[in-house]
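The structure under discussion appears below in the form of structure tokens.
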Amino acid sequence: MEYKPLLRSLVPGDLSGLVATAGLPSYRFDQLADWLFAQGALTWETMTNLPVAMRLDLASRFDLVGLDLVERQVSSDGTRKFLFRLRDGATVESVTIPMGEHVTFCISTQVGCAMACRFCATSRGGLVRNLEAGEILEQVLRLRADIQAEPVPESGDRQFNVVYMGMGEPLDNWEEVAPSLVVMMDGRGLAMSSRRIQISTSGPGEGLRKLVAANPGVGLTLSLGGSTDEERRAVMPVPGRTSISEALDLAVRYARGTRRRATVAWVLIAGSTDDPGQAERLATLLRGKPIKVNLIPMNPLDDANLLPPDEKGIQAFRQILTDAGVDTFVRTSGGRDIAAACGQLRRRRLKT
Ligand code: SF4
9 MEYKPLLRSL VPGDLSGLVA TAGLPSYRFD QLADWLFAQG ALTWETMTNL PVAMRLDLAS
69 RFDLVGLDLV ERQVSSDGTR KFLFRLRDGA TVESVTIPMG EHVTFCISTQ VGCAMACRFC
129 ATSRGGLVRN LEAGEILEQV LRLRADIQAE PVPESGDRQF NVVYMGMGEP LDNWEEVAPS
189 LVVMMDGRGL AMSSRRIQIS TSGPGEGLRK LVAANPGVGL TLSLGGSTDE ERRAVMPVPG
249 RTSISEALDL AVRYARGTRR RATVAWVLIA GSTDDPGQAE RLATLLRGKP IKVNLIPMNP
309 LDDANLLPPD EKGIQAFRQI LTDAGVDTFV RTSGGRDIAA ACGQLRRRRL KT
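Structure below.
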């Protein structure tokens, strides 16, 4: 079935062109952008200060809403997990994570994923399709409305960060991710600072090169999966086609271009990526580079035999990197009681 494009997939410049082409005064664009992004309107009827003819014309060419909430789960640690159904029936996940004084929205960029990372539930069904820019943005608007309606204790209801770290490889869908970033940072869109946005990638070479060329200024987190190309390919077969040295070179170029340190995300899997030898080789790879490390103990999956190391193993790995002068942090993911691993909620639904 064919769908109309989402109006929120248009960047502000194109939206304003649309209003001008219709012969409408420019303040109509300001009103429309306010409804779409500041208010997060979900019906045409709400846009009461716009002429009915303008709304009818837009509705004949564009869809306003691309997501339908199927499930919302709240963890005992405050993590909120959402499952949304798209217009074609596919489903994606988004997560609100309390981070002290602010919250972080973790959003999806694809239905499924083609990267086949062993530690990830999303990889199990392969790639179904890319999300439209409007579908990516609407996740942020829905999660923002949720914290406004029900603030996360001690986190306030306004300040939020966005990480492109949900289902899918964002740099495998750069054509839609790029306009979503434009809208997020444009004053007539969500007016977010680039400091509050992170792209988290498994590091496919072509996608990394597009990111470096575009230089949107947002943060970069690169998941490596191994300290040698062979180890990386064993854990992340598709991104592993790009060598570690090329992926790191691109990450360093991006970090220098944005004057912002990049992050290497390292998923710790017991008996695999927690090997002290890997920590030593990783330290050698990163020494002197503008890159810090986030260690992420594996989130147990429903259908795989991969577990995180114990606390002693985590700290031992960290110590090796720290001793080598590499800034290293441990990040535990919240919401373990609500299927927190990326893609798990969707997968459980698909099975029922
Ligand atoms: S970890 Fe990310 S890139 Fe890898 S399969 Fe999962 S969603 Fe795709």
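First residue of the sequence shown: 9, per the numbering used here; consecutive thereafter.
Don't be surprised by glycine CBs; every beta carbon is placed ideally from N, CA and C.
The structure presented is a predicted model; accordingly, all values stated were derived computationally and were not measured.
Let me confirm a value: residue i is counted as buried when at least 16 other C-beta atoms fall within 10 Å, else exposed. Which label applies?
{"i": "Ala129", "result": "buried"}
{"i": "Val226", "result": "buried"}
{"i": "Val78", "result": "exposed"}
{"i": "Phe337", "result": "exposed"}
{"i": "Ala255", "result": "buried"}
{"i": "Arg88", "result": "buried"}
{"i": "Gly195", "result": "exposed"}
{"i": "Ser116", "result": "buried"}
{"i": "Arg267", "result": "exposed"}
{"i": "Glu146", "result": "buried"}
{"i": "Thr360", "result": "Confidence in Thr360 is poor, its pLDDT being 39 and thus under 50, which makes the residue's placement unreliable; the coordinate value appears in the next sentence. Thr360 is exposed by the Cβ-count criterion."}
{"i": "Gly134", "result": "exposed"}
{"i": "Gln286", "result": "buried"}
{"i": "Asp282", "result": "buried"}
{"i": "Leu75", "result": "buried"}
{"i": "Ser210", "result": "buried"}
{"i": "Asp38", "result": "exposed"}
{"i": "Glu140", "result": "buried"}
{"i": "Met9", "result": "exposed"}
{"i": "Thr99", "result": "buried"}
{"i": "Glu101", "result": "buried"}
{"i": "Arg339", "result": "exposed"}
{"i": "Gly296", "result": "exposed"}
{"i": "Asp154", "result": "buried"}
In three-state terms, what does DSSP make of residue i?
{"i": "Gln327", "result": "helix"}
{"i": "Arg80", "result": "strand"}
{"i": "Ile304", "result": "strand"}
{"i": "Thr87", "result": "coil"}
{"i": "Arg196", "result": "coil"}
{"i": "Arg93", "result": "strand"}
{"i": "Gly120", "result": "strand"}
{"i": "Ile322", "result": "helix"}
{"i": "Ala348", "result": "Unreliable placement is indicated for Ala348, whose pLDDT of 49 sits below 50; no coordinate value is reported for it."}
{"i": "Thr360", "result": "Confidence at Thr360 is low in this model, with a pLDDT of 39, below 50, so the placement of that residue should be treated as unreliable; the coordinate-derived value is given next. Thr360: coil per DSSP, three-state reduction."}
{"i": "Leu4", "result": "It is not possible to answer for residue 4, since the shown part of the chain is limited to 9 through 360."}
{"i": "Arg137", "result": "strand"}
{"i": "Met9", "result": "coil"}
{"i": "Thr336", "result": "strand"}
With respect to the alpha helix (DSSP H) encompassing residue i, which residues constitute its N-terminal and C-terminal limits?
{"i": "Gly227", "result": "Unbroken run through Gly227 is the beta strand (DSSP E), Gly227 to Ser231; no alpha helix (DSSP H)."}
{"i": "Arg150", "result": "Ala141 to Ala157"}
Taking the beta strand (DSSP E) that residue i belongs to, which residues open and close that run?
{"i": "Leu26", "result": "Element bounds for Leu26: not the beta strand (DSSP E) but the alpha helix (DSSP H), Pro20 to Thr29."}
{"i": "Glu101", "result": "Thr99 to Met107"}
{"i": "Tyr172", "result": "Phe168 to Tyr172"}
{"i": "Cys114", "result": "His110 to Cys114"}
{"i": "Val160", "result": "No beta strand (DSSP E) contains Val160, which DSSP labels as neither H nor E."}
Would residue i and residue j be called neighbours here (beta carbons separated by less than 9 Å)?
{"i": "Val243", "j": "Ala273", "result": "no"}
{"i": "Leu44", "j": "Leu15", "result": "yes"}
{"i": "Leu170", "j": "Gln118", "result": "Note that residue 170 is Val in the sequence shown, not Leu. Cβ distance not < 9 Å, so Val170 and Gln118 don't count as in contact."}
{"i": "Ala270", "j": "Leu230", "result": "yes"}
{"i": "Glu177", "j": "Cys121", "result": "yes"}
{"i": "Thr236", "j": "Pro212", "result": "no"}
{"i": "Leu189", "j": "Pro161", "result": "no"}
{"i": "Val111", "j": "Gln167", "result": "yes"}
{"i": "Ala263", "j": "Leu216", "result": "no"}
{"i": "Met193", "j": "Ala186", "result": "no"}
{"i": "Phe325", "j": "Leu293", "result": "no"}
{"i": "Asp96", "j": "Arg137", "result": "yes"}
{"i": "Ala278", "j": "Leu315", "result": "yes"}
{"i": "Val19", "j": "Val191", "result": "yes"}
{"i": "Met306", "j": "Phe127", "result": "yes"}
{"i": "Leu40", "j": "Leu72", "result": "no"}
{"i": "Val334", "j": "Ile299", "result": "yes"}
{"i": "Phe90", "j": "Arg132", "result": "no"}
Any beta-carbon of chain B closer than 9 Å to the one on residue i?
{"i": "Asp331", "result": "No chain B appears in the structure shown, which is made up of a single protein chain."}
Could I get the ranges of all uninterrupted beta strand (DSSP E) runs contained in the stretch 208-286, with 3 residues as the minimum, in chain order?
-> Runs of the beta strand (DSSP E) spanning 3 or more residues and lying entirely within the stretch 208-286 occur at 227-231 and 270-276, in chain order.
Inside the stretch 27-76 only - beta strand (DSSP E) runs reaching at least 3 residues | None, since the stretch 27-76 contains no complete beta strand (DSSP E) of that length.
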